[in-house]
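**Student:** Those protein sequence lines, which keep their order, are chains A and B. First residue of the first sequence? That's 255 in this note's numbering, and the numbers climb one at a time after it. First residue of the second sequence? That's 1152 in this note's numbering, and the numbers climb one at a time after it. Beta carbons: idealized from backbone N, C-alpha and C, even for Gly. No experiment lies behind these values; they were computed from the predicted model shown. Before anything else, here's the structure in question.
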Amino acid sequence: MSYIMLFLFGSIAIGLWAKPRSRQARLIALFAVALVLLFYFSPHRM
Amino acid sequence: MKFPYRLFLASVFLALLLSQNGLGKDPFVGLGWYFHADIKSWTGGVPIIVTLLEVCLILVALTWSVRARRYKKTWAFTRGTLWTPLLAFSGLLAVALIYGLAGGGDMTIALWEVRGFLMLGAMYCVAGMMIHEEKHLNQLVWVVLIAALCLAVENIIRWLLYLHGKPADDLAYDHVDSVILSFGLVLCAGLLTFGGTRRQRTFALTAMPIMFFAMEVMKRRAAFAVVFVGLAAFLIFALRLRPRLFWKSVLPFSVVAAIYLALFWHNQSIWGQPARAISSIIAPGQRDASSNLYRTLEKLDIIFNIKSSPFLGLGFGKPFAMVVPLPNLSFWRFWHFTTHNAILWVWMKAGIFTFIAFWWLLGRGAYDGGKAVEARREEWSFVAQLRKTMGRRDGKWDDGSRATGGSSGGLTSRQKRELMRAAVRERATNRTGGVRQRLGFNVPTWERSDDKRSVTAKRSGGVALLVAAICLIPMQVLYSYVDLGLTSERDMLLFGLALGILARANYLLGIEPAPERGRHGRRHPRKQEKTTATSDEDETLAIVRELARNRRRPTTVRIVEDEAASATAARQAATPARRTANPNARRTYAPATRATGAAGASGTNAPTMTRPRPEATGGAQSPREGGDSLNPDETQDRE
């Protein structure tokens, strides 16, 4: 759960603090992939 | 377009207010059942497998489409920024549905499982049809506030009349009430912190304790956990938008909260209930411990099922394997199909790619919402810098041609007025008995005033609703992690609405122009104003239009001392963004908050804007902003 919250709060923080870049939206998609892969390889972190 | 819009608001209101299930003795619950259950189930055999809520939304879409076709250009469905992730998620869900049914899944169960997601997508689309302006956001604020307050009152009445003030079991209240009340609480906090109309704030102040008391009456641990997560997200926005208030209030509040918790940790009186809510999470009692155990065992089952089919999932309509026996919930029809952890359930049922799309949708929603709020903040910063830079003296615009040594940088009064038009917003004032549209300075929502002599834009709860919608994402995720949620139509209606707002936040807040569309019911929509400057047009207006055209790019405004070259130089300063070949070169700028306000000895000043800002002409703002000129004699600066 903590990783999920980190992902969501991180997405909010990027929107609020980071300078606008077109690739940021893609970065969010990459984070989503990374989150799921983390769960896939470490199911105990789910 | 009045009928579909009103029906849409009424549907949202009733869906939030009427509980889907709960204590049978309460007639209000029965009313809710008629609204949320399949029509077939209460008409006795008529094979209509949709609910009244769904009928209302279908009617909204149909009437909108018929009327929109009649008024031609009013056919405007805005996809929003989350369209692609939503399509990907929906497509993968459809694949999982077909896969499940093809593998022998139960169709009725499968349709019930995806019903919540259908509602999510439907509300996202309906929001794109119905919500087009900040005015609509304010009306939605009222709908949510009134529905949440009525729901809270109804739950308290149920507790008093039918439960005689005693704690009830889990099924006495609809579990989704927790999310709706939590959302209402965060919205109230948003209105009080980030501004709203006077009535909205008064209402919020009154409703907050009632909602909180209703949550305490319901005694749902998940509700308090959801509120805490929502407030944590809320504090991020408070830190960004109102840092002074944040540091002034958070530290004293933390100290008071720590003292309160220490004193009331084991207190069972009414004053100790909020502390009990926290203590039960950290040190659960007997009932809480059994609830935790169920979820722990269920998670083991989920992990086993995910490992058995990680890529395609089980498919909807098929039961999951209970390798670890769970406590008996056989009265619940979905016991073998739906897990309480609805987040991991998505992976278990629909596979890893659907799970990725799910997080993509939610993460993108949080990101887009945060970006829109930040764009609005920078816009306010930009306007403040413009005002400070151009200054006013003796009630008139500081004219650089005069020997004032002024900060104006050589722009004439007229040029300054025109430049400031980019920075004003509509304001409705009630003068001489009628409502007149006037322009007001675009200041932060919490600094605006309804006073007749005020020169600010009119008050709005739009930002508060946007912040609450963003906070709803982690709230909804936490709730669904422990207590279903994603399978509830009522819950997904609110969530879909929030995502629909977030996806269109940029033009709802006026940060960028709305897609071309007509106004409600007008046969001949106002034509878009030309954004190309002609030789006859005022030079400064051309600057503003250049800025507006480059709204998607970081733009730097430079006002120079030399009067003769001022307008040309300012225009040149605005245009490099369009001319630069390397897009990265445009991104080297300073944030607006770091721009210097006062003119230096060199006379140059560079208020900067790093985000999109509203158009001065054209788009949705143009009819409003072009409707009245900004008369400096009428707009007395409060400073």
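Is the shortest distance between the beta-carbon of F295(A) and the beta-carbons of chain B less than 8 angstroms?
**Tutor:** no
**Student:** Are there 16 or more other CB atoms within 10 angstroms of the CB of S1639(B), so buried, or fewer, so exposed?
**Tutor:** Buried: at least 16 other Cβ atoms inside 10 Å.
**Student:** Could you confirm whether any beta carbon from chain A is found closer than 8 angstroms to the beta carbon of Y1114(B)?
**Tutor:** Here chain B comprises residues numbered 1152 to 1790, so residue 1114(B) is not present and cannot be evaluated.
**Student:** Spatial neighbours of N1733(B) within its chain, please: C-beta separation below 7 angstroms, excluding the five flanking residues on both sides.
**Tutor:** Any reading at N1733(B) needs caution, since the residue's pLDDT is 42, under 50, leaving its predicted position unreliable; the model's value is listed next. Setting aside the 5 residues that flank it on each side, N1733(B) has no residue in the same chain whose C-beta is closer than 7 angstroms to its C-beta.
**Student:** Using 10 angstroms around the beta-carbon of D1177(B), count the other beta-carbons present and answer buried if the total reaches 16, otherwise exposed.
**Tutor:** buried
**Student:** For Y1156(B), return the contacting residues in chain A, with the cut-off set at a CB-CB distance below 8 angstroms.
**Tutor:** Those within 8 angstroms of Y1156(B) in chain A number zero; the least Cβ separation is about 29 angstroms.
**Student:** With hydrogens ignored, establish whether the beta-carbon of T1348(B) is closer than 7 angstroms to any heavy atom of the ligand NAD.
**Tutor:** This structure lacks the ligand NAD; in fact it carries no ligand of any kind.
**Student:** Sort G1516(B), P1360(B) and L1168(B) by Cα distance to L1237(B) and report the nearest one.
**Tutor:** Distances from the CA of L1237(B) to each of G1516(B), P1360(B) and L1168(B) were compared; the closest alpha carbon is that of G1516(B).
**Student:** Would the segment 1618-1631 of chain B count as touching the segment 1377-1388 of chain B if we require 3 or more Cβ pairs under 8 angstroms?
**Tutor:** yes
**Student:** To which residues of the same chain is A1161(B) closer than 8 angstroms at the C-beta, ignoring the five residues directly before and after it?
**Tutor:** C1207, listed in sequence order.
**Student:** Should G1810(B) be labelled buried (16 or more other beta-carbon atoms within 10 Å of its own) or exposed?
**Tutor:** With chain B covering 1152 to 1790 only, the question about residue 1810(B) has no answer from this structure.
**Student:** For a test of the three-state rule: what should DSSP assign to T1232(B), helix, strand or coil?
**Tutor:** T1232(B): coil per DSSP, three-state reduction.
**Student:** So, does the segment 1257-1268 of chain B touch the segment 1639-1651 of chain B, judging by three or more C-beta pairs under 8 angstroms?
**Tutor:** yes
**Student:** Which partner residues of D1452(B) appear in the DSSP bridge assignment?
**Tutor:** D1452(B) is not bridged to any residue.
**Student:** Determine, using beta carbons only, whether S256(A) comes closer than 8 angstroms to chain B.
**Tutor:** By this cut-off, S256(A) is not an interface position.
**Student:** When Cβ atoms are compared, which residues of the segment 270-288 of chain A fall closer than 9 angstroms to chain B?
**Tutor:** L270, W271, A272, K273, P274, R275, S276, Q278, A279, L281, I282, A283, F285, A286 and V287
**Student:** Report the rounded CA-to-CA distance for L1494(B) versus F1462(B), giving the unit in angstroms.
**Tutor:** Leu is not the amino acid found at residue 1494(B); the sequence shown has Ile there. I1494(B) and F1462(B): Cα-Cα distance of roughly 16 angstroms.
**Student:** Count the other C-beta atoms from every protein chain shown that fall within 10 angstroms of the C-beta of R1157(B), then say buried if there are 16 or more, exposed otherwise.
**Tutor:** exposed
**Student:** Just grab the DSSP bridge partners of T1202(B) for me.
**Tutor:** BP columns for T1202(B) point to D1189(B).
**Student:** Who does T1259(B) pair with in a DSSP beta bridge?
**Tutor:** Beta-bridge pairing links T1259(B) to no other residue.
**Student:** Measure from the C-beta of D1519(B) to each C-beta in chain A and report whether the shortest distance is under 8 angstroms.
**Tutor:** yes
**Student:** 8 angstroms is my cut-off, CB to CB: does I1429(B) come that close to chain A?
**Tutor:** Not one beta carbon of chain A lies nearer than 8 angstroms to the beta carbon of I1429(B).
**Student:** Mapping DSSP to helix, strand and coil, what is T1490(B)?
**Tutor:** coil
**Student:** I'd like to know if L262(A) contacts chain B, where contact means its C-beta is closer than 8 angstroms to some C-beta of that chain.
**Tutor:** yes
**Student:** Could you spell out where the alpha helix (DSSP H) holding H1287(B) opens and where it closes?
**Tutor:** E1285 to L1312
**Student:** Tell me, to the nearest whole angstrom, how far the beta carbon of F1467(B) is from that of L1248(B); I am working on the premise that it is less than 8 angstroms.
**Tutor:** 5 angstroms
**Student:** Just curious, the alpha helix (DSSP H) that D1328(B) is in, first and last residue?
**Tutor:** D1328 to F1345
**Student:** Compute the Euclidean distance between the alpha carbons of A1219(B) and A1227(B), then round it to the nearest angstrom.
**Tutor:** Linking A1219(B) to A1227(B) through their CA atoms gives a straight-line distance of about 8 angstroms.
**Student:** Round the Cβ separation of L1659(B) and I1361(B) to the nearest angstrom and send it over; I've been treating them as touching at under 8 angstroms.
**Tutor:** No, L1659(B) and I1361(B) are not in contact; Cβ-Cβ is about 29 angstroms, not under 8 angstroms.
**Student:** To the nearest angstrom, how far is it from the Cα of A1508(B) to the Cα of V1497(B)?
**Tutor:** 10 angstroms
**Student:** Could you give the C-beta distance for C1339(B) and M1359(B), rounded to a whole number, given that I count them as a contact under 8 angstroms?
**Tutor:** 5 angstroms
**Student:** Would you mind reading off the limits of the alpha helix (DSSP H) that contains Q278(A)?
**Tutor:** That run of the alpha helix (DSSP H) goes Q278 to F295.
**Student:** What are the boundary residues of the alpha helix (DSSP H) that L1645(B) is part of?
**Tutor:** E1640 to A1654
**Student:** With 7 angstroms as the C-beta to C-beta threshold (strictly closer), list the residues of the segment 1650-1666 of chain B near chain D in chain order.
**Tutor:** Chain labels in this structure do not include chain D; the protein chains are A and B.
**Student:** Using 8 angstroms as the cut-off, can you tell me whether the segment 1162-1170 of chain B makes contact with the segment 1294-1309 of chain B, which would need three or more C-beta pairs spanning the two stretches below that distance?
**Tutor:** They touch, by the three-pair rule.
**Student:** Secondary structure at T1348(B), three-state DSSP: helix, strand or coil?
**Tutor:** coil
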